[in-house]
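Numbering (the UniProt record's numbering), first residue to last: 1 to 234.
We treat Cβ as the ideally placed atom computed from N, Cα and C, and that holds for glycine.
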């Protein structure tokens with residue numbers, strides 16, 4: 001069972017048809033909260049009205065709303081023939097980064113975000129909240145082995161591009177049209193060795209400042225925007 005906090009994540013969960021078992025709400029003068037209560041009532045969800053003490057130990061911006069929902073259902077690569085744009089996260093460990101990347105991927109029209117089963121952040125209350133509801137509108141694909149997934153993705157006609165600061169090919173000078181799969185590495189170590197070797201091309205994001213690296217979620221967003229731009233925003 002998952003716990004989803006925050007007004008927009010909860011609304012998006014309700015609207016997307018996620019099975020919700022129970023809700024906990026602080027009564028407040030808010031049209032959005034009133035809307036949430038109405039949606040929960042229409043869905044015949046049990047609502048528990050609580051005071052602020054209920055959320056005292058919750059270390060996130062809960063906005064006085066929480067629901068208990070069915071556990072998140074990951075997808076697999078069985079529908080890969082239908083996809084055009086994918087992003088693989090190679091051992092991204094920070095759930096805030098995962099949520100932010102999911103939000104950007106959904107915004108920029110990507111079909112799926114691929115994460116490994118091990119040594120990676122997975123869907124959690126923080127990811128739900130950071131994604132601002134985007135997690136309910138994009139395929140989150142979990143695989144046992146990233147390198148096998150890369151092979152399958154290549155067989156489906158994708159070109160695979162790994163983001164690496166030391167790469168010699170600037171992203172704006174590489175053809176990113178057609179079926180594209182981006183790979184972003186771990187926050188500290190970058191791309192793992194085998195994943196790096198399995199990429200078709202390593203690309204970098206040109207920078208001019210003294211700081212020569214970007215947060216993983218920021219780098220992902222820039223790269224996904226460039227993919228969308230090169231494809232005529234289609």
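Per DSSP, residue 229 lies in no beta strand (DSSP E) segment; the continuous alpha helix (DSSP H) that holds it begins and ends at 216-230.
Under the three-state reduction of DSSP, residue 205 is assigned to coil, being neither helix nor strand. Annotation: the continuous alpha helix (DSSP H) that includes residue 128 extends over 125-130.
For residue 173, the number of other beta carbons within 10 angstroms of its own is below 16, and it is reported as exposed. The way I'd put it, the region 130-142 does touch the region 104-111; three or more beta-carbon pairs between them come closer than 8 Å.
Here the region 176-183 lies against the region 80-89, with 3 or more beta-carbon pairs under 8 Å apart. If the five residues before and after residue 34 are omitted, its C-beta is found closer than 7 Å to no C-beta atom of its own chain. Restricting attention to alpha helix (DSSP H) runs no shorter than 4 residues, the region 75-117 encloses them at 95-107, ordered along the chain. Under the three-state reduction of DSSP, residue 191 is assigned to coil, being neither helix nor strand. With respect to the C-alpha of residue 154, the residue from 39, 121, 188, 201 having the closest C-alpha is 201. Rounded to the nearest angstrom, the Cβ distance from residue 119 to residue 73 is 22 Å, too far for a contact under 8 Å. If you look at residue 34, you'll find it in the alpha helix (DSSP H) that goes 31-42.
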